[in-house]
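Participant:
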Amino acid sequence: METILQFKNLDYYYESNGKKVTILDNVNFSFQKGHFYTILGPSGSGKTTTLSLGCGLDIPKNGYVLYNGKDIRKIGLDRYRNQHVSVIFQSYNLIT
Numbered sequence: 001m002e003t004i005l006q007f008k009n010l011d012y013y014y015e016s017n018g019k020k021v022t023i024l025d026n027v028n029f030s031f032q033k034g035h036f037y038t039i040l041g042p043s044g045s046g047k048t049t050t051l052s053l054g055c056g057l058d059i060p061k062n063g064y065v066l067y068n069g070k071d072i073r074k075i076g077l078d079r080y081r082n083q084h085v086s087v088i089f090q091s092y093n094l095i096t
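Heads up, the sequence shown is in the UniProt record's numbering, so the first residue is 1 and it goes up one at a time.
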């Protein structure tokens, strides 16, 4: 199987009222070409953050998002989104 997208040692957090809020902690996962995946979880569990990182809309605090084995930051986030990613937002009113 060919890995097309990989999360490697992925961490994501933000600061709120002086406290670190961890969203993703050392996530490792490989997405295989030609397969469909579902991300499930309760509200606040990091689903949207995971999608945003995989689509290059945000960058991890630590770790890597790899597309065909290459860090998407080295590809260039704009180029990566333009040439390799398609996103349909759930809330269509975000597109004007």
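Ideal placement from N, C-alpha and C gives every residue a C-beta, glycine not left out.
With which residues is N68 paired in a DSSP beta bridge?
Facilitator: Here residue 68 is taken as the residue at index 68 of the sequence shown, counted from 1. Paired residue(s): none; N68 is not in a bridge.
Participant: What's the call for G56, buried or exposed, on a 16-neighbour Cβ count within 10 Å?
Facilitator: Mapped onto the sequence shown, residue 56 falls at position 56. Classification of G56: buried, given that the 10 Å Cβ count is 16 or more.
Participant: If we ignore side chains and look at the alpha-carbon of each, how far apart do S43 and I23 end up?
Facilitator: As a first step, residue 43 is located in the sequence shown; it is residue number 43 there, counting from the start. As a first step, residue 23 is located in the sequence shown; it is residue number 23 there, counting from the start. One C-alpha to the other measures close to 12 Å.
Participant: Ends of the beta strand (DSSP E) at K8?
Facilitator: Translated into positions along the sequence shown, residue 8 becomes position 8. Taken as a continuous stretch (DSSP letters only), the beta strand (DSSP E) holding K8 covers T3 to S16.
Participant: Using only alpha-carbon positions, find the residue among L10, T3, V21 and F36 that is nearest to S52.
Facilitator: Taking the sequence shown and counting its residues from 1, the one referred to as residue 52 is at position 52. Ranking the options by Cα distance to S52, first place goes to L10.
Participant: Could you spell out the range, first to last residue, of the alpha helix (DSSP H) harbouring L51?
Facilitator: The count along the sequence shown starts at 1 and reaches residue 51 at position 51. Start and end: K47 to G54.
Participant: I need the straight-line Cα distance from Q83 to T49, nearest angstrom please.
Facilitator: Position 83 of the sequence shown holds residue 83. Position 49 of the sequence shown holds residue 49. Taking the straight line from one Cα to the other gives about 21 Å.
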